[in-house]
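Have a look at the structure below, then the notes.
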Amino acid sequence: MKRWWRFSAIDVDTLSWLTSSLVTIWVSIVVALHGIVSITAGGQAGGSFATQVLALVLLVAAGVLIHVGSRPYRGRLGAALSISVFVLTGLGVLVSAAGLRGEAVVPELWWASLAAALIAMSLAPFVPGRVFVPGMIGVAVCTVLGALSATGGEGVRLPVAAALTASSPVLFAIIGGSVLTGVMIADVERWRGLVGDARVKDAQEEPVLAILERVTAGAWSQRMQPFLQSIAAAEEVSDRDRRRA
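No gaps in the numbering here: position 46 of the sequence shown is 46 in our numbering, and each next residue is one more.
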């Protein structure tokens, strides 16, 4: 896990971008679709439909920024882009909560909290732990504060418990993203160590002449080696030797 704190999964295994990039673009699509359905048909528009739309735009923009900022030609997802993702995500959650203030929102169905969790999981492979953890803690604080507002309507007997329930997807995403990325980095480095040890072992156990014999399918000992020995024993190289060579 020490390596995960300093390096991202993409730093250790650059080819994993091929699959991670598909995840990031689909996260943006899922966030958009889930938000639209929740706002329009799920009864989470609150007192202001426009406010929820603005929150949705901010959260989708955070997901798109991860996808664009992590393109291979851009290198590591920089600090400025990472901070932008955190700010957009936290702001989107707070805007959504502000629009739901006083409404009877079911804690486990709050769409903005799930959107923030999806963004956290898609960001995890692209930034080291020292960036991911502090930034996502900030998002989690915004989510908890927003959840206290969004789920604190009249008739709620345990507002703190409701807020923790509403913000639990983000909290679980922080833990899951950290553990999964750390395990992946450790597994990749362990695999590289095993491959390197195997190559060294093979090179030590198989002599050079045996490698030549295997590569030339027996031609080394049957034709090439006798010919070279005859050239070495001769006083001069004849035209016939040149043609044969």
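Note that the Cβ used here is the ideal one computed from N, Cα and C, for glycine as well.
Burial of Ile119 is indicated by the presence of at least 16 other C-beta atoms within 10 angstroms of its C-beta.
Secondary structure of Gly99 (DSSP, three-state): helix.
Counting along the chain, Leu59 sits inside the alpha helix (DSSP H) bounded by residues 49-69. Proximity of the segment 136-144 to the segment 159-174 meets the contact definition, three or more beta-carbon pairs being nearer than 8 angstroms. In the DSSP assignment, Val131 falls within the alpha helix (DSSP H) that extends over 129-150. Here Val37 is exposed. Its C-beta has fewer than 16 other C-beta atoms within 10 Å. Within a 10 Å sphere around the beta-carbon of Gly99 sit 16 or more other beta-carbons, which makes this residue buried. Per DSSP, reduced to three states, the secondary structure at Ser178 is helical.
Annotation for Trp111: the continuous alpha helix (DSSP H) segment containing it runs 111-123. The three-state secondary structure of Val93, taken from DSSP, is helix. A straight-line Cα-Cα distance of about 10 angstroms links Ser28 and Val57. CA-CA distance, Glu108 to Thr165, rounds to 6 angstroms. The shortest CA-to-CA distance from Leu81 to any of Leu94, Leu91, His67, Gly92 is the one to His67. Counting C-beta atoms within 10 angstroms of its own C-beta, Ala41 has fewer than 16 neighbours from the protein chains shown and is therefore classed as exposed.
Between Ala62 and Gln52, the CB-CB gap reaches or exceeds 7 angstroms. Met121 has its alpha-carbon roughly 8 angstroms from the corresponding atom of Ile174.
At a Cβ-Cβ threshold of 7 angstroms, Val23 and Ile185 do not count as neighbours. Beyond the five residues adjoining it in sequence on each side, His34 comes within less than 8 angstroms, by CB distance, of Trp111, Leu114, Ala115 in the same chain, given in chain order.
Sorting Gly92, Ala163, Gly129, Glu189 by C-alpha distance to the C-alpha of Ala150 places Ala163 at the top. Residues of the same chain with a CB within less than 6 angstroms of the CB of Ser8, apart from the 5 flanking positions on each side, are Phe126, Val127, Pro128 in chain order.
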